[in-house]
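Report on the following structure.
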Amino acid sequence: MARLLSLNVGLPRDAAWQGRTVHTGIWKTSVTGPRHVRRLNIDGDGQGDTAGHGGEQRAVFVYQDESYRYWQKHLGRSDLVHGQFGENFTVEGLADTEVCIGDRYRIGSALFEVTQPRVTCYRLGIRMDEPDMPALLVKHGRPGFYFRVIEEGDVEAGDKIVQVESGPEGMSVAEIDALLYLPPHPRERLARALKIPALSRGWNHSFAALLAQKDSAAAGNAGLGPTGGPAPAWRGFRPFRVSRKIAESASVTSLILEPTDGQPLAAALPGQFVVVRLGPSAMTRSYSLSSRADAASYRISIKREAHGAASFYVAETIQAGDIVPVGAPRGSFTLHSDARPVVLLSAGIGVTPVLAMLHALAAERTTRDVWWLHGTRNGREHPFAAEARELLAGLAHHHSHVCFSAPDPADRPGADFDSAGRLDRQRLQMLDVPRDGDFYLCGPTVFMSDLTIGLAALGVAPDRIHTELFGSKPSLTPGIAAASKTPVHKPPGAPGQGPMVSFARSGLNVCWGPSYANLLELAEACDVPVRWSCRTGVCHNCESGLVAGEVIYTADPLDPPAEGNLLICCARPQGDVVIDL
C-alpha cells in the first residue's frame, strides 16, 4: 500500500542568486497534523512564479522517497530532506514508471488526479545546489508528477494512498515525460497521449505541435522550441550586390539585393526577415523582406532612426554596386495558406513584412477577403501608399483603412488617409473586421500590445493572432525580480579576446571571454533580452536563430534544436557567431 510519508508546504521567499533576486516557493518544510487541500493549493503553501507553477492542473507536486534514495547514491549526498525537491507530498510507492496520467487516488478525505510530469526549471538547481538538476531528472526518468484536486479535503503524513481509478491509455508519467523531452517522438504514442482527458493543457498543446510537425530530425522539437518555417536555405552569409537604392520617402530607403555568387536565390516565405552586415565595421542587423521574393532579388526597406548607425549608413553611404553580406530568410511570422479572411495590421515601418504578404496574396490572385489596416503619422511618412493601393486593386475582395495620427495640412481625408487618430480596438470594432480571420500584426511595442489585447477582447482566438516585433523580443526570466530596463551594452571589464559574438536584433558585437560558461551568460552580461527557464538544455525556451558560425555544447541538449538554431543556455562559440537576439 502506497503511503504519504511527508506533507511539505512553504510560502514564496526571495533568494539571492548570481547577483539577482529570485522569488520562489521551492523551499518546502515538513509539517505535522492535517492540512486542507484546496482546488489550487494546500493551506500554508504557495508558488512564487504562478505563470510556470501552480494552478488547477499543478495544484500538488508529488515526489517519491525511492527517488530520494536514488539521488543520494547518484550524487553522493546524505543531506537530502523531504521537501527538498519542492514537492508537497513525499510518498512511499507511486513510481513514475508505474503511475499513469489520469490515475485517481484517494488520500485522506481528498481525491486527486494525475495530470502531468513535473516541468523542472533552474530553481530546483538552486535548492539542490546542483545546477544540472533539471536535466538530470529527465535523463534519469525521475521527474515526479502533479495532482489536480478532484475533491477538496484534509490530508496528513501517514495517510494511505488508495488508487480508485486508472487513467485511459495506460501511459506512465515517465513515458509521457520522455515523449516530450527525448527523441524519438513516435507519432502513434503522441496520438495516444492526446486521447487522455486528464493530460494538462500545456502538455496537450506540446504533443499536438509535435504530432503536426513534419518528421525531420532537422526540424527540432516543435513541442518545446519555436515552430514554423523551413530550415534556413544556407548557413552564414552570402554576398549580395545592391542593384538599386530607392528613396521611398524622406525617412525610408529600400535596397534591392541580388546574389553575386551565381547560386540560386532561395524563395522567402512572405513575412520572413534576413540578417545583413553593413559597412566596414560589419554592423549586423535584421530587416524584414518588404516584397515578394522573386527568383532574382530581395528587397529590404530601412527607416532612418535618429541615432541609428546602420540606418544612417544605408541612407547616406551605401550605393548601387556595393556588396552586402546577407543571411538566409528566416522567421515564423509567415502567411498561412487557407480560406479564412486575412487582416494585415501595421504601424510605421512595421508595414514591411505585411507588405510582403500583400504582394504574395496579389501574385496568387487570392479570393480570400483581405483587410489592409495601416497607421502612420502623415503622408510624408507613408512610403508604400501607392504600392499598397495598386496591389489591393488587383484583389477580388479587399478592404483598406489608413489612419494618420498627425496629418499634415496637405494630406487629403478620403484620398491620402481614411481617418485621423490611431489604429486601436475601437477602430477595429467600428470597421467590423471579421473575428474569424487570421490577423498579422507588426509595429512598435505599444501598438502590438494594445492591439493584441484589443483583438482578444473582440473575441479573436489567440491562435489567430500572429505578431512580429522589430528589435529584441521580450525577455523571459521566470522568478527574477523586476528591474529597470537597461539598454544593451558591452560587458563590464576588459574586452574578451575570443571570437566575435554578434547579437543581430540588438545590434551589438562583443568578443567572447573565458569568464562566461555559455552564450546565455554573455547575453545577460550585456543586458541583451533573453528567454530561458531550465538553463540546462531541456526546455528550449532559450532556442534562438544561429545565423552564422558554429557552436559547441558544454552539455549535449536532450533534444537538439531545429537546424539553423541553437540553445544559448549551454552553447559556446566555436569561432565568430551571429545570433538572432
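Each residue of the sequence shown is one higher than the last, beginning at 7 in our numbering.
Heads up, the beta-carbon is just placed ideally off N, CA and C, and yes, glycines get one too.
All of these numbers come straight from a predicted model, not from anything done at the bench.
Handout entry: Simplified DSSP assignment, three categories, for Met506
Key = strand
Practice task
At 3 residues or longer, and completely inside the stretch 134-187: list those beta strand (DSSP E) runs for me, N to C.
Solution key: 151-157, 159-161, 166-171
Handout entry: Under the three-state DSSP convention, the category His29 falls into
Key = strand
Exercise for the section: Just the C-alpha distance for Glu530 and Ala421, rounded to the nearest angstrom, thanks. Expected result: 49 Å
Handout entry: In DSSP terms, what Pro265 is bridged to
Key = Phe246
Handout entry: Cutoff 8 Å: Ile306 Cβ touching any chain B Cβ
Key = Absent here is chain B; the protein component of the structure consists of one chain.
Handout entry: Exposed unless 16 or more other CB atoms sit within 10 angstroms - verdict on Gly400
Key = exposed
Exercise for the section: Over the uninterrupted alpha helix (DSSP H) stretch that includes Ile615, give me the two end residues. Expected result: The shown model of the chain, from 7 to 587, leaves out residue 615, and the question about it has no answer.
Exercise for the section: Taking only heavy atoms of the ligand MN into account, decide whether any of them is closer than 7 Å to the Cβ of Phe153. Expected result: This structure does not include the ligand MN; it has no bound ligands of any sort.
Exercise for the section: Give the straight-line distance between the Cα atoms of Pro174 and Arg45, rounded to the nearest whole angstrom. Expected result: 23 Å
Practice task
Specify the secondary structure class of Ser73 as computed by DSSP and reduced to three states.
Solution key: helix
Problem - Per-residue DSSP class, three states only, for Trp209 - result: helix
Problem - Beta-carbon proximity check, Ala376 vs His404, cutoff 8 Å - result: The question names Ala, yet the displayed sequence has Val at residue 376. It is a contact, given that the beta carbons lie within the stated cut-off.
Problem - Neighbour-count burial assignment, Asp469, 16 or more Cβ in a 10 Å radius - result: exposed
Handout entry: Ala228 classed as buried or exposed, judged by whether at least 16 other C-beta atoms fall within 10 angstroms
Key = buried
Handout entry: C-alpha gap between His546 and Pro286, whole angstroms
Key = 35 Å
Problem - Sequence-distant residues of the same chain with beta carbon closer than 7 Å to Lys166, five excluded per side - result: Met7, Arg9
Handout entry: Coarse secondary structure for His80, derived from DSSP in three states
Key = helix
Handout entry: Ala302 classed as buried or exposed, judged by whether at least 16 other C-beta atoms fall within 10 angstroms
Key = exposed
Handout entry: For Ser307, the first and last residue of its enclosing beta strand (DSSP E)
Key = 304-309
Handout entry: Distance between Ala334 and Gly242 (C-alpha atoms, nearest Å)
Key = 8 Å
Problem - Neighbourhood of Glu62 by C-beta, 7 Å cutoff - its chain only, sequence neighbours within 5 removed - result: Arg45, Leu46, Arg154
Handout entry: Whole-angstrom distance between Glu72 and Pro137, CA atom to CA atom
Key = 22 Å
Handout entry: Pairwise C-alpha distance: Arg207 and Gly460
Key = 24 Å
Practice task
Could you check if Ile585 is buried or exposed, using at least 16 other CB atoms within 10 Å of its CB as the buried criterion?
Solution key: buried
Practice task
Let me know the secondary structure DSSP gives Cys575 once reduced to three states.
Solution key: helix
Exercise for the section: Whole angstroms is fine: what's the gap from Gly581's alpha carbon to Trp23's? Expected result: 30 Å
Practice task
Below 6 Å CB to CB, which residues in the same chain sit around His388 once its five sequence neighbours on both sides are set aside?
Solution key: Thr382
Problem - Residue from Ala463, Gln122, Val516 whose Cα sits closest to the Cα of His495 - result: Val516
Practice task
Just confirm the distance between the C-beta atoms of Leu364 and Ala412, as a whole number of angstroms; I'd bet it's less than 8 Å.
Solution key: Leu364 to Ala412, Cβ: 25 Å. No contact.
Problem - Pair within 8 Å by beta-carbon distance, Phe246 and Val330 - result: yes
Problem - Between the CA atoms of Leu188 and Ala215 - distance to the nearest angstrom - result: 15 Å
Exercise for the section: Compare the beta carbon distance of Gly226 and Ala489 with 8 Å and say whether it is the shorter of the two. Expected result: no
Practice task
Answer with buried or exposed for Tyr522, where buried requires no fewer than 16 other C-beta atoms within 10 angstroms of its C-beta.
Solution key: buried
Handout entry: Limits of the unbroken beta strand (DSSP E) element including Arg19
Key = 19-23
Exercise for the section: Please go through the same chain and pick out, in chain order, the residues whose beta-carbon is closer than 7 Å to the beta-carbon of Asn524, but skip the five residues on each side of it. Expected result: Thr560, Ile574, Cys575, Cys576, Ala577, Arg578
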